[in-house]
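Let me begin by presenting the structure, written as structure tokens, before commenting on it.
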């Protein structure tokens, strides 16, 4: 994911994320996209790594439940596209999903995510099993269960269009079985213009005070990105169509 540059104040303190302090995990840091290249054709379309604020994901899941998904939450696979170090997966596992599945292309990030998945239960009580696929999200097999996918702006519009095409093919005969949570919705218009998807929520979701302070500290050492304490978010439902 990468935040759109915004002119905001930054606090020059050490980047310590509350989530990692509590759970002994390593989900913090901002890694530029250029440092994440693996020789894949889509390297030029990826964005920087930065973990979503847990408070934002929790709130967005609440908004999703308020949108009246077709099935109960325990029928859904939570699918994290561009899982990075796995923070969103761990947060999602505290909700009663059928399972939590992440896909991450970068082997270094995937290795960190696996370690985080292994240590997380020592300090938390996950309600859903968590697993990770190391590979290309455009090639990974999509779940055969109802699915709610999570994107923290992991890639630019060309790859997003290809991902939507894969979803359309996989869920063509199962309208209503695929929902999409989009944080830092830079390319929301791409999904808005797709005939198969219906937007069920759009808005600015604030993060908690603790998450915002940690957010500011984590990005204080660079000038490319800023934090306003919220994220532009959208939720979509696949309702059929090409």
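In my numbering, the protein residues as written are 5 to 246. Every residue, glycine too, gets a C-beta built ideally from N, C-alpha and C. Note that the coordinates shown come from a computational prediction; the quantities given were computed from them, not determined experimentally.
Pick from the options that is closest to residue i, judged by C-alpha positions
{"i": "residue 75", "options": "107, 182 and 85", "result": "182"}
{"i": "residue 103", "options": "148, 69 and 117", "result": "148"}
{"i": "residue 169", "options": "130, 244 and 128", "result": "244"}
{"i": "residue 172", "options": "212, 142, 187 and 157", "result": "142"}
{"i": "residue 68", "options": "110, 124, 207 and 215", "result": "207"}
{"i": "residue 21", "options": "238, 240 and 223", "result": "223"}
With 16 other Cβ atoms within 10 Å as the buried cut-off, status of residue i
{"i": "residue 58", "result": "buried"}
{"i": "residue 17", "result": "Any reading at residue 17 needs caution, since the residue's pLDDT is 42, under 50, leaving its predicted position unreliable; the model's value is listed next. When all chains shown are included, residue 17 counts as exposed."}
{"i": "residue 132", "result": "buried"}
{"i": "residue 88", "result": "buried"}
Supposed close pair residue i, residue j - CB separation, criterion 8 Å
{"i": "residue 121", "j": "residue 90", "result": "6 Å"}
{"i": "residue 167", "j": "residue 187", "result": "Not really, about 15 Å apart at Cβ, beyond 8 Å."}
{"i": "residue 61", "j": "residue 95", "result": "5 Å"}
Span of the alpha helix (DSSP H) around residue i
{"i": "residue 214", "result": "213–222"}
{"i": "residue 193", "result": "192–196"}
{"i": "residue 116", "result": "111–123"}
{"i": "residue 171", "result": "161–175"}
{"i": "residue 95", "result": "91–96"}
Close beta carbons around residue i, own chain, < 6 Å, minus the five adjacent residues each side
{"i": "residue 175", "result": "181, 182 and 242"}
{"i": "residue 13", "result": "Since pLDDT at residue 13 reaches only 34, below the 50 mark, its modelled position is unreliable, and no value is offered."}
{"i": "residue 134", "result": "93, 97, 104 and 121"}
Same chain, Cβ closer than 7 Å to residue i, five either side skipped, listed in chain order
{"i": "residue 165", "result": "194"}
{"i": "residue 138", "result": "108, 111 and 114"}
Neighbourhood of residue i by C-beta, 8 Å cutoff - its chain only, sequence neighbours within 5 removed
{"i": "residue 42", "result": "109, 110 and 111"}
{"i": "residue 127", "result": "26, 27 and 28"}
Check: residue i C-beta below 6 Å from any heavy atom of the ligand FAD
{"i": "residue 156", "result": "In the structure on display, the ligand FAD does not appear, and there are no ligands present to speak of."}
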